[in-house]
Structures are given as C-alpha cells and as structure tokens.
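Asks: This is the structure I have questions about; it appears just below.
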C-alpha cells in the first residue's frame, strides 16, 4: 500500500493547532486544547497515533467526531492507527495486535470495543464474528481513521506521522505507507526538505543523551519540526501543540500540557555539572548496590554511574533494565513554577519539570492545588 497524499487548503487567517501522538489520552488532549483556546475558527490537525497505548482510545475518537461538528479537524494516519485498521482485516492480525498489547500491558482500542460489546475472545475461539461485529458497530469511528491520508501538503508545510523517505514531494505517492508512519529517529537520517516537515512518532526526549527535554525540537537546517512530547510513553511526557498562525506563513509557536501537579519553588538550586539521560532505547544497566529507596547503577554501554530510585528498575534477571531516568538537577530559582512527577520525595528529592525539561529538585515546594 502506497502513501496517500492530500492537499490541505491554506485558508488565510486560519490558525492551525497541530498535535501528534494523542495515544488515547483524552484528558491531556482536552487540557491542551483548553490551553490553546481552540475555537471554531481554527483547524485542529492530528499528526497521527490518535489511538492505542493510552487509556481512552474509543472515547478520544468519539470526542473528535463530536468536536469536528464545531471545529474543522484534519489529520494523518500513524502507525498505531494503521495497526488497528489492519487488525480488523484478518484473524491473524487481530490476534497479534491483542497479544502484543497484552504482553506490554498496554491499552488497546479493539479491546475497549470488545469489552463494550461484552466480548472477550480467547485464543482458541473463532474471531470472525468479532471482526464482523466491530466493523459494523463502530463504523463511524473506524471511518474516521480510514479516512486519514498518509501526508497532508500545504504551501510551506508537509504533515506526516513519522517522517519522509525522500525530499521529492512528487515522489511520495509511490512510497510505501510504512516508510512514512514508522520511521524511527527521523532527524538522525540526514535529509533536508524544501518545506517544513511536521512529524511526531519519535519522542523528542529520545534524541538527547544529556538530559530529557520534551519540548518540540526544531531543525532549521533540515526544516523539520518534531513535536512528539512522549505523552503516555514517558512518565514526564506531555502533549505539544504546534501553533501556525496561517498555513500561508512560516512563523510558528508552541504550547504544551502535561496534566501534572504544579508547584512553586521555594529554594534556589544550581544545575548539575555532570549528568546523563538513560533512555528506553538503551536501558541495560548493572546494579552496583541498593540502599533504602536508592539503587546505584552503571549504564552498560557507556559505563556511566548514577543513583536512581529503586522503583524505576523493572527487570533484574537475566539483564537489569530501568525506566527512563536522569540524574540532572534543574537550575531553579525561588518563585519558579514546575510540574511535579513525585508528590512525595525520595532520598534523591523529587523529579520535576520546567519548560519541558525534567530533572531532580531537592528543595521545598508549595503545591498550587493545596
């Protein structure tokens, strides 16, 4: 199946709010759209992976179906969206997707649909009746996903979920869909484009080995805007919005929402001078010691040693691995407002986030919801 490329009308004066990788996280989507004051004069543009992995994929689809009665909504398909549609086309693909989500204990749109219908097919059952039922009962929700193109083209922008295999826009209809929806670490592939290419798919924090930053990544050399803030996939994740005042212009701004508790900093703290960001794409470690709630680990590839909360170790045998973590201490001043990942501190302090950057804080906080 080759890429479907559609032209996007550039209405003068119409603001575009582009959001990627919602992943069925409806509360964060609503929070972000409230933050940017989305209105009927705007265009909401979804840059793929609307569903899967988050807790409310079905409710998210229904919310968008209702929203587009009041606000123009467009989008492109993501690899997770495409996986759902392919799973509805055959028994093997259906079973494989459900098994994959179960293995990773990850929510699944199809499972939500089955549960709503009072169905829970076992591995030995004939799933053909389930496929027929889901395709019939959820016709409107699935039609929304099926109607998403691979690429949206505007005068100065191309919107695609993961990336493009070529800088030649005219060649895109001959490219496989998968080359556009499943292109990991797109910015590392060395391509440059005549138009701005807006992508999600690869959480921007994965590009950094120094400290985690979930704010959108701008490459002016490549003309790429990467906006996946790691929503659902990272504890410190957020939904980012790319704000384009007009598709006929090239200027832009950003907004973000993470739904985390907010607090005001009471004590000053200097930034770390030595730090490392351990990411899930490279998370093999040796456990050197464990004391109280802290583990001393050594990163296998680099040999870097750091202290982390023991609870972030999720595998010990045969190989130790941990969730994404950093030992970076944020530079903070009294009065700064931060998002807080850990309401209760551990021996290392609390993980907090400011301007998309996550790190540790050892001082006092005044929570704004108290």
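In our numbering, the protein residues as written are -10 to 359. Idealized CB from N, CA, C, for every residue including glycine.
Figure out for me which residue from 137, 144 and 45 has the closest Cα to the Cα of residue 102.
Replies: That would be 45, whose Cα lies nearest to the Cα of residue 102.
Asks: What are the complete alpha helix (DSSP H) segments, minimum 4 residues, inside the stretch 111 to 192?
Replies: The qualifying runs are 117 to 126, 128 to 135 and 167 to 170.
Asks: Does the Cβ of residue 106 have 16 or more other Cβ atoms within 10 Å, making it buried, or fewer, making it exposed?
Replies: Exposed.
Asks: Please state whether DSSP places residue 311 in a helix, a strand or coil.
Replies: Three-state DSSP puts residue 311 in a strand.
Asks: Skipping 5 residues on each side, what residues in its chain have a beta carbon closer than 7 angstroms to that of residue 299?
Replies: The answer, listed in chain order, is 279, 282, 283 and 284.
Asks: Inspect the beta-carbon positions of residue 219 and residue 192 and report whether they are closer than 9 angstroms.
Replies: Yes. Within cutoff.
Asks: DSSP three-state call for residue 216: helix, strand or coil?
Replies: Residue state, collapsed to three classes: coil.
Asks: Can you list, in chain order, the residues of its chain whose CB lies under 8 angstroms from that of residue 361, leaving out five sequence neighbours each side?
Replies: Residue numbering for the chain in the displayed model covers -10 to 359; residue 361 lies beyond these limits and cannot be assessed.
Asks: Can you list, in chain order, the residues of its chain with a C-beta nearer than 8 angstroms to that of residue 198? Leave out the 5 residues immediately preceding and following it.
Replies: Contacts found: 265, 266 and 268.
Asks: State the start and end residues of the unbroken alpha helix (DSSP H) segment that holds residue 84.
Replies: Its alpha helix (DSSP H) spans residues 80 to 92.
Asks: In terms of residue numbering, what span does the alpha helix (DSSP H) encompassing residue 51 cover?
Replies: First-last of the alpha helix (DSSP H) with residue 51: 46 to 56.
Asks: Skipping 5 residues on each side, what residues in its chain have a beta carbon closer than 8 angstroms to that of residue 134?
Replies: The answer, listed in chain order, is 39, 40, 50, 66, 70, 73 and 74.
Asks: Going by alpha carbons, who is nearest to residue 250 out of 258, 329 and 194?
Replies: Nearest of 258, 329 and 194 to residue 250, Cα basis: 329.
Asks: Could you check if residue 130 is buried or exposed, using at least 16 other CB atoms within 10 Å of its CB as the buried criterion?
Replies: Answer is buried; the Cβ neighbour count reaches 16.
Asks: Would you call the stretch 230 to 239 and the stretch 332 to 349 in contact, with 3 or more CB pairs under 8 angstroms?
Replies: No: the two stretches stay apart, fewer than three of their Cβ pairs being nearer than 8 angstroms.
Asks: If you reduce the DSSP assignment to three classes, tell me which class residue 196 lands in.
Replies: Helix.
Asks: Our contact map puts residue 21 next to residue 8 with C-beta atoms below 8 angstroms; I'd like the distance itself, whole angstroms only.
Replies: So it is a contact: roughly 6 angstroms between Cβ atoms.
Asks: Roughly how many whole angstroms lie between the Cα atoms of residue 17 and residue 200?
Replies: Computed Cα separation, rounded: 24 angstroms.
Asks: Expressed to the nearest angstrom, what Euclidean distance is found between the alpha-carbon atoms of residue 315 and residue 348?
Replies: If I take the Cα positions, the gap works out to 7 angstroms.
Asks: Would you say residue 214 and residue 187 are within 9 angstroms of each other, going by their C-beta atoms?
Replies: Yes, the pair counts as a contact, with Cβ atoms nearer than the cut-off.
Asks: Quick check: residue 68 and residue 228, are their CB atoms within less than 9 angstroms of each other?
Replies: Contact flag unset, no.
Asks: Which ranges does the beta strand (DSSP E) cover as unbroken runs of at least 3 residues, wholly within the stretch 290 to 335, from first to last along the chain?
Replies: Entirely contained in the stretch 290 to 335, the beta strand (DSSP E) runs reaching 3 residues are, in chain order, 294 to 298, 302 to 304, 309 to 311 and 326 to 329.
Asks: Within the continuous alpha helix (DSSP H) that includes residue 70, where are the two ends?
Replies: It spans 68 to 76 - the alpha helix (DSSP H) in which residue 70 sits, taken as one unbroken run.
Asks: Taking residue 310 as the reference, which of 317, 301 and 25 has the closest Cα?
Replies: The option with the nearest alpha carbon to residue 310 is 301.
Asks: Pick out whichever of 230, 173, 356 and 10 has its Cα sitting closest to the Cα of residue 23.
Replies: If we check each option's Cα against that of residue 23, 230 comes out closest.
Asks: Assuming residue 280 is part of the alpha helix (DSSP H), what are its boundary residues?
Replies: Unbroken run through residue 280 is the beta strand (DSSP E), 273 to 280; no alpha helix (DSSP H).
Asks: Would you report the Cα separation of residue 28 and residue 5, rounded to the nearest angstrom?
Replies: Those two C-alpha atoms are separated by around 11 angstroms.
Asks: Who does residue 229 pair with in a DSSP beta bridge?
Replies: Residue 229 is bridged to 245.
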